[in-house]
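First residue of the sequence shown: 1, per this note's numbering; consecutive thereafter. A virtual CB, placed ideally from N, CA and C, is assigned to each residue, including glycine. Only one structure is covered here, and it is reproduced in the block below.
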Amino acid sequence: MTEILKSLTDKFTPVLDHTFVQKDYCPVDMSAANPDLNLEMLSQPLKHHRYLQEYLQEHHAKVAYGGYLEKRALYDRSEHFQSTDDLDKRNIHLGIDLWCEAGTKVLSPLSGVVHSYQNNENFGDYGPTIILQHNIEEYIFHTLYGHLSLESIEGISVDQPISAGQPIATLGTHKVNGDYAPHLHFQIVIDMQNKEGDYPGVCSSNMLDFYRKNCPDPNLILKII
1 MTEILKSLTD KFTPVLDHTF VQKDYCPVDM SAANPDLNLE MLSQPLKHHR
51 YLQEYLQEHH AKVAYGGYLE KRALYDRSEH FQSTDDLDKR NIHLGIDLWC
101 EAGTKVLSPL SGVVHSYQNN ENFGDYGPTI ILQHNIEEYI FHTLYGHLSL
151 ESIEGISVDQ PISAGQPIAT LGTHKVNGDY APHLHFQIVI DMQNKEGDYP
201 GVCSSNMLDF YRKNCPDPNL ILKII
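Right, dumping it as structure tokens:
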């Protein structure tokens, strides 16, 4: 499946506003190893957003990206991800995050249909979420778009056709997006396991082998680098 996904695009393919070009993106370390990102900052989305704005200015960029299979302290602030067993604690990120301004347009990189959508309202969850289904050469897979605005899930319907490059949503503020600095969580999901409007975006060490296969690297499609 990895080679099929890689073959679907042959160059940088935007999942955010078309005004952003490849050189506008820069990598950012959101891992637990980054000393700048202590739990006190991560628990304050406005402060975290200011940190990211300064980071982008310093790097002459508009979007900070990264995080696939990154182990993060970010989820320690929410009971939604916790467990009494450290190996079952969910702190490994399964998608790619693209950090920029609330209100930024979100695009579908591929043609497909709306699979499902809903507002995932747990603290630290996705908030408004859209999942698309793609059927390419008889291979079916899905893309998930999390941390959207409430308006993004109004007026859409299951099985609605979506064209490659079509705007499908906008990014939400911390008030609706799970209490995060504004960003897009973009994830590939092969098998939705009968879930609708939601799918784990963070996994535990115990489940990493399964989720690594079911949620391949989103950069196979986006080709940011």
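Within its own chain, the residues whose Cβ lies closer than 8 Å to the Cβ of Ala32, once the five positions on either side in sequence are excluded, are Lys71, Arg72, Ala73 and Asn91, listed in chain order. Boundaries of the beta strand (DSSP E) harbouring His115: Gly112 to Asn120, taken from the DSSP string. Out of Thr13, Val28 and Leu39, the CA that lies nearest to the CA of Tyr55 is found in Val28. Fully contained in the region 147-215 are the following alpha helix (DSSP H) runs of length 4 or more, in chain order: 208-214. Of all alpha-carbon atoms in Gly165, Asp198, Gln187 and Ala64, the one lying nearest the alpha-carbon of His18 is that of Gly165. Classified as buried, Pro109 has 16 or more neighbouring CB atoms from the shown chains inside 10 Å of its CB.
Taking all protein chains in view, the Cβ of Ser157 is surrounded by fewer than 16 other Cβ atoms within 10 Å, so the residue is classified as exposed.
Contact between the region 172-186 and the region 44-52 is established, with three or more Cβ pairs separated by less than 8 Å. In the three-state reduction of the DSSP assignment, Thr19 falls in the coil class, being assigned neither a helical nor a strand state. With a contact defined as Cβ atoms closer than 8 Å, Phe12 and Lys213 miss out at about 25 Å.
Rounded to whole angstroms, Asn122 and Val176 show a C-alpha spacing of 10 Å. Contact between His142 and Leu132 holds, since their C-beta atoms are separated by about 6 Å, short of 8 Å.
If you check the CB distance, Ala169 and Tyr145 come in under 8 Å.
Within the same chain, Thr170 and Gly172 come within 6 Å of Ser149 by CB-CB distance, once the 5 residues on both sides are set aside.
Between Thr129 and Asn135, the C-beta gap is not smaller than 8 Å, which leaves the two residues out of contact. DSSP places Ile96 in the strand class (E or B) of the three-state scheme. Between Asn219 and Ile96, the CB-CB gap stays under 8 Å. Inclusion of Phe210 and Leu98 in the CB contact set at 8 Å is not warranted, their separation being larger than that value. When DSSP states are grouped into helix, strand and coil, Leu222 belongs to the helix group.
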